[in-house]
Amino acid sequence: MAQMRIDKISYRYGHGTPFEIAALRDVSFEIGEGELIGVIGHTGSGKSTLMQMLNALLKPDSGTVYLNGADIHKDKTSVYRARFQVGLCFQYPEYQLFGETCAEDIAFGPRNMGLPEEEVKARTERAADFVRLDRALLQRSPFDLSGGQKRRCAVAGVLAMQPEILILDEPTAGLDPAGRDAMISLIRAYRQNTGATVIFVTHSMEIAAAVSERILVMDHGTLALDGTPAEVFSQAELLEKCGLAPPFSARVLSALRARGYDAPDAFAPEETADALCALLRAEEKQTVC
Amino acid sequence: MLKEITIGQFFPGRSLLHKLDPRTKLVLTFVYIVALFLVRNFFGLFLMAGFAGLGVLISRIPLKTVWKSIRALVFIVIFTAVLQLLYHSDGDVLWRPFPGKEFAVTWDGVYSAVFLVLRIVALVVMSSLLTYTTSPTMLTDAIERLLSPLKVFHVKVHSLAMMMTIALRFIPTLIEELDIIMNAQKARGAKLDAGKLSERLKSMVSIFIPLFVSAFRRAAELAVAMECRCYTDGANRSRLKIMRFSRLDLLWLFVHVAVVFAALFTSFYPMGSFFLFQPVI
Chain A
-3 MAQMRIDKIS YRYGHGTPFE IAALRDVSFE IGEGELIGVI GHTGSGKSTL MQMLNALLKP
57 DSGTVYLNGA DIHKDKTSVY RARFQVGLCF QYPEYQLFGE TCAEDIAFGP RNMGLPEEEV
117 KARTERAADF VRLDRALLQR SPFDLSGGQK RRCAVAGVLA MQPEILILDE PTAGLDPAGR
177 DAMISLIRAY RQNTGATVIF VTHSMEIAAA VSERILVMDH GTLALDGTPA EVFSQAELLE
237 KCGLAPPFSA RVLSALRARG YDAPDAFAPE ETADALCALL RAEEKQTVC
Chain B
5 MLKEITIGQF FPGRSLLHKL DPRTKLVLTF VYIVALFLVR NFFGLFLMAG FAGLGVLISR
65 IPLKTVWKSI RALVFIVIFT AVLQLLYHSD GDVLWRPFPG KEFAVTWDGV YSAVFLVLRI
125 VALVVMSSLL TYTTSPTMLT DAIERLLSPL KVFHVKVHSL AMMMTIALRF IPTLIEELDI
185 IMNAQKARGA KLDAGKLSER LKSMVSIFIP LFVSAFRRAA ELAVAMECRC YTDGANRSRL
245 KIMRFSRLDL LWLFVHVAVV FAALFTSFYP MGSFFLFQPV I
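Those protein sequences? They're chains A and B, same order as listed.
Using this note's numbering, you'd call the opening residue of the first sequence number -3 and step up by one each time.
Using this note's numbering, you'd call the opening residue of the second sequence number 5 and step up by one each time.
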């Protein structure tokens, strides 16, 4: 059974006002346990709305979201439980910090879960270690931290709830390359250590291609594409219709293929580099012969 | 959820009322409201209320939208009407709800209830017409211009207007921000609408601290941005939209003043027909 099943959900913002817009239209898909899913789509395609459906922050106008086989909007307790089972980390989470100390802030989620105090403390420290936030910083105010540290502190606040499904809305937005790489390896490590399902929204095709095992493409509130990175990025035309383009490295290879070179399908920059090296070497050999 | 709140409730359009100089609208609305409280008979009141209705028709604002702003005051309207019915003992008795008691509902009470309800409704309709047809920025511009004579007394009119404009401009932004922060804390299990009071208070803290922090951050950023563009206060600023008192304004001014005058004239020179009946207020 799928861990999560999204069944024909639709949602409109601003019901009955002149500013009404359809944010989601008849979206259906399933999420299996332990999947690593990237969600892409241009601005306003409904990505963030969809993410808020998954942890019951928004209630679909029609359709149902099932978590482990049960409707998450069945009653108040099921909604509340879903919030802890499905951890959602918003875009720019550092703007949501409020605690007197970082430890306080990270402990907010676990405390709301009603865990005993020792467990809360243990989880707080574990989450801080996990995001590589120095333990010495735990007793400092979150507003004293640097931008990157703030972001990690905020992510730790979600991780400390130990969700079965972790959702991150643009976790790498506004980070420098080093911060971005650190965030990506953090996502990977969380999944490896806990076996949790991880879903992340990104604007970067490169990251989506390099990190995810499955990609969902949103377009005008509908699910336009759903498949492995190879499947999704081979549909260049459809992607373009959605206002997207395959990652640059993939376009280099497909351009080479179009000129008759035997270039493989690869999406991560590293793989592309390897493929290019192999091609160049083969070329060299030919000219030598 | 919160996104649906609109402040200033501007309703874009191209009607006559939209095109008027905001200063004209502001002053005339003020005159209208004052006149509404001076009118003392039904003839005058009907004239005034009818004029507000005409304004709604001209502005092409959907009746549903206008109804919404009236609905917001439904409680006050009912409360006023009931009070009026209770506190008038003169005139022909209409109904004695408690047999044997002095208390009675009289025609006088009914008249003044209707009168006051109509007055409130006309007031709400006319003032929401102003905010429906004028964007908040234009409104503050108009206020600035109307207050500019105060400069003589060294009142910083421009600064005041600028502050108002900025405040109005950032209300939707902050509401959006509030929405995000609320959702983010709800995602971490914050109890905003249920649970013990102490828990709820704690959850409130988790929302207001980030909101204040972000408001200050925005204020600082805006100040820097304005300074970078060499913003100085007041003197010799040109504007994108220049307010002009046009012929349309003159026309509207004329109609408006005529209606108000007619209403007030009959109020102070009663001629004794039913419509000119003066309720005891």
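Backbone N, C-alpha and C fix where the C-beta goes; we use that ideal spot for every residue, glycine too.
query: Using a C-beta cutoff of 8 Å, does Ala271 of chain A count as contacting chain B?
result: As a first step, residue 271 of chain A must be located in the first sequence, where it is residue number 275. No, no contact with chain B.
Gln158 of chain A: contacting residues in chain B (beta-carbon distance under 8 Å): Start at 1 with the first residue of the first sequence, and residue 158 of chain A comes out as number 162. Those do not exist, as Gln158 of chain A stays about 12 Å from chain B at its closest Cβ, beyond 8 Å.
message: Against chain A, does Val129 of chain B count as a neighbour if the rule is that its beta carbon must be under 8 Å from one of theirs?
response: The count along the second sequence starts at 1 and reaches residue 129 of chain B at position 125. Between Val129 of chain B and chain A, the shortest Cβ-Cβ separation is not below 8 Å.
- request: Check the Cβ-Cβ distances between Ile11 of chain B and every residue of chain A, and say whether any is below 8 Å.
  value: Numbered from its first residue, the second sequence carries residue 11 of chain B at position 7. Note on Ile11 of chain B: pLDDT 48, under 50, position unreliable in the model; the coordinate value appears next. At a cut-off of 8 Å between C-beta atoms, Ile11 of chain B does not count as an interface residue with respect to chain A.
message: So with CB distances below 9 Å, who are the chain A contacts of Val70 of chain B?
response: Mapped onto the second sequence, residue 70 of chain B falls at position 66. Correct list: empty, because the minimum Cβ distance to chain A is about 14 Å.
- prompt: At which residue ranges does the stretch 74 to 119 of chain B contain complete alpha helix (DSSP H) runs of 4 or more residues, listed in the order of the chain?
  reply: If only uninterrupted alpha helix (DSSP H) runs of at least 4 residues are considered, those enclosed by the stretch 74 to 119 of chain B are 78 to 90.
message: So, under 8 Å CB-CB, Val43 of chain B and Leu268 of chain B are touching, yes? Tell me the CB distance rounded to an integer number of Å.
response: The residue you call residue 43 of chain B lines up with position 39 of the second sequence. The residue you call residue 268 of chain B lines up with position 264 of the second sequence. Contact between Val43 of chain B and Leu268 of chain B holds: CB atoms are separated by about 7 Å, below the 8 Å threshold.
Any C-beta of chain A under 8 Å from that of Gly17 of chain B: Within the second sequence, numbered from 1, the residue matching residue 17 of chain B stands at position 13. Taking Cβ atoms only, chain A never reaches closer than 8 Å to Gly17 of chain B, which makes this a no.
message: For Ser369 of chain B and Asp237 of chain B, what's the separation of their Cα atoms in angstroms?
response: The structure shown does not extend to residue 369 of chain B, since chain B spans only 5 to 285, so no value can be given for it.
task: Look up Thr138 of chain B in the DSSP assignment and say whether it is helix, strand or coil.
output: Locating residue 138 of chain B in the second sequence gives position 134, where the first residue counts as 1. In this structure, Thr138 of chain B counts as coil in the three-state DSSP scheme.
query: What residues in its chain sit with their C-beta under 8 Å from that of Gly28 of chain A, if we drop five residues either side in the sequence?
result: The sequence position of residue 28 of chain A within the first sequence is 32, counting from 1. Closer than 8 Å at the Cβ level, and outside the excluded window around Gly28 of chain A, lie Ala(-2), Gln(-1) and Thr193.
message: Nearest by alpha-carbon distance to Ala117 of chain B: which of B:Thr138, B:Trp99, B:Thr144 and B:Val81 is it?
response: Here residue 117 of chain B corresponds to residue number 113 of the second sequence, with the count starting at 1. Ala117 of chain B has its Cα closest to that of B:Val81, out of B:Thr138, B:Trp99, B:Thr144 and B:Val81.
message: Any contact between the stretch 40 to 57 of chain A and the stretch 78 to 86 of chain A? By contact I mean 3 or more CB pairs, one from each, below 8 Å.
response: Under the Cβ criterion (8 Å, minimum of three pairs), the stretch 40 to 57 of chain A counts as touching the stretch 78 to 86 of chain A.
query: Which runs of the beta strand (DSSP E) spanning at least 3 residues fall entirely within the stretch 192 to 251 of chain B, listed in chain order?
result: Those beta strand (DSSP E) runs which fall completely within the stretch 192 to 251 of chain B and span 3+ residues do not exist here.
Stretch pair the stretch 119 to 132 of chain A + the stretch 149 to 158 of chain A: three plus CB contacts closer than 8 Å: Taking 8 Å as the limit for Cβ pairs, the verdict is that the stretch 149 to 158 of chain A does touch the stretch 119 to 132 of chain A.
message: Between the alpha carbons of Leu154 of chain B and Arg251 of chain B, how many angstroms are there, rounded?
response: Taking the second sequence and counting its residues from 1, one reaches residue 154 of chain B at position 150. Taking the second sequence and counting its residues from 1, one reaches residue 251 of chain B at position 247. One Cα belongs to Leu154 of chain B, the other to Arg251 of chain B, and the distance between them is close to 27 Å.
field: 4-residue-minimum alpha helix (DSSP H) runs that sit fully inside the stretch 197 to 255 of chain A, ordered along the chain
entry: 201 to 207, 225 to 229, 232 to 237 and 244 to 254, all fully within the stretch 197 to 255 of chain A.
field: Host alpha helix (DSSP H) of Ala271 of chain A (start-end)
entry: The residue labelled residue 271 of chain A in the question sits at position 275 within the first sequence. Here the alpha helix (DSSP H) through Ala271 of chain A covers Pro265 to Val284.
query: Among residues of its own chain, excluding the 5 on either side of Val35 of chain A, which ones have a beta-carbon nearer than 6 Å to its beta-carbon?
result: Taking the first sequence and counting its residues from 1, one reaches residue 35 of chain A at position 39. Contacts found: Lys43, Val197 and Leu212.
task: Out of A:Asp215, A:Cys238 and A:Gly170, state which residue places its alpha-carbon closest to the alpha-carbon of Arg147 of chain A.
output: As a working note, residue 147 of chain A is residue 151 in the first sequence. Between Arg147 of chain A and the set A:Asp215, A:Cys238 and A:Gly170, the nearest pair of CA atoms involves A:Gly170.
query: At a Cβ threshold of 8 Å, is Gln88 of chain B touching chain A?
result: Here residue 88 of chain B is taken as the residue at index 84 of the second sequence, counted from 1. Not closer than 8 Å to any Cβ of chain A, the Cβ of Gln88 of chain B fails to qualify, so no.
- request: Tell me, please, whether the CB atom of Tyr91 of chain A is closer than 8 Å to any CB atom in chain B?
  value: By 1-based counting over the first sequence, the position of residue 91 of chain A is 95. So, interface residue.
message: Quick check on Ser101 of chain A: buried or exposed, where buried means 16 or more other Cβ atoms within 10 Å of its Cβ?
response: Within the first sequence, residue 101 of chain A is the residue found at index 105, counting from 1. Going by the sequence as given, residue 101 of chain A is Asp instead of Ser. It counts as buried.
query: Tell me which same chain residues have a C-beta within less than 8 Å of the C-beta of Arg149 of chain B, skipping the five on either side of it?
result: On the second sequence, position 145 is the one that residue 149 of chain B refers to. So the qualifying residues of the chain are Arg27 and Met247.
task: Note down, in chain order, all residues in the stretch 65 to 99 of chain A with a beta-carbon under 9 Å from any beta-carbon belonging to chain B.
output: For the stretch 65 to 99 of chain A, residues whose beta-carbon sits nearer than 9 Å to a beta-carbon of chain B comprise Lys72, Tyr76, Arg79, Phe80, Val82, Gly83, Leu84, Cys85, Phe86, Gln87, Tyr88, Pro89, Tyr91, Gln92, Leu93, Phe94 and Gly95.
query: Going along the chain, which residues of its own chain have a beta-carbon closer than 6 Å to the beta-carbon of Leu272 of chain A, five neighbours each way excluded?
result: To locate residue 272 of chain A, count along the first sequence from 1; it is residue 276. Close CB contacts of Leu272 of chain A within its chain, under the 6 Å cut and outside five residues either way in sequence, are absent.
- request: Inspect the beta-carbon positions of Ile74 of chain B and Val129 of chain B and report whether they are closer than 8 Å.
  value: Counting from 1 along the second sequence, the entry for residue 74 of chain B is found at position 70. Counting from 1 along the second sequence, the entry for residue 129 of chain B is found at position 125. A contact, by the Cβ cut-off of 8 Å.
query: Helix, strand or coil: which one does DSSP assign to Leu164 of chain A?
result: Here the question's residue 164 of chain A lines up with position 168 in the first sequence. In the structure shown, Leu164 of chain A sits in a strand (DSSP, three-state: E or B).
message: Using 8 Å for Cβ pairs, my map puts Gly59 of chain B next to Leu89 of chain B. What's the rounded Cβ distance?
response: Within the second sequence, the letter at position 55 stands for residue 59 of chain B. Within the second sequence, the letter at position 85 stands for residue 89 of chain B. No, Gly59 of chain B and Leu89 of chain B are not in contact; Cβ-Cβ is about 30 Å, not under 8 Å.
message: Beta-carbon within less than 7 Å of Leu234 of chain A's beta-carbon, same chain only, minus the 5 sequence neighbours each way: which residues are those?
response: Along the first sequence, read from residue 1 onward, the residue named residue 234 of chain A stands at position 238. Cβ neighbours of Leu234 of chain A beyond the five flanking positions: Ala220 and Leu221.
task: Taking 8 Å as the cut-off, decide whether the C-beta atoms of Gly95 of chain A and Pro138 of chain A are in contact.
output: For the purposes of this step, residue 95 of chain A is identified with residue 99 of the first sequence, where counting begins at 1. For the purposes of this step, residue 138 of chain A is identified with residue 142 of the first sequence, where counting begins at 1. Yes, these two residues count as a Cβ contact at 8 Å.
- prompt: Opposite Glu0 of chain A in the DSSP bridges: which residues?
  reply: The sequence position of residue 0 of chain A within the first sequence is 4, counting from 1. Note that residue 0 of chain A is Met in the sequence shown, not Glu. DSSP output for Met0 of chain A lists A:Ile27 and A:Leu63 as bridge partner(s).
message: Just to confirm, is the Cβ distance from Ser245 of chain A to Phe263 of chain A under 8 Å?
response: The residue labelled residue 245 of chain A in the question sits at position 249 within the first sequence. The residue labelled residue 263 of chain A in the question sits at position 267 within the first sequence. Going by C-beta atoms, Ser245 of chain A is nearer than 8 Å to Phe263 of chain A.
query: If you measure from the beta carbon of Met0 of chain A to each beta carbon in chain B, is any gap under 8 Å?
result: In the first sequence, residue 0 of chain A corresponds to position 4, counting from 1. So no, Met0 of chain A is outside the interface.
message: Here's a check: name, in chain order, each residue in its chain whose Cβ is nearer than 6 Å to the Cβ of Gly144 of chain A, leaving out the five neighbours to either side.
response: Position 148 of the first sequence holds residue 144 of chain A. Excluding sequence neighbours, Gly144 of chain A sits near Gly175.
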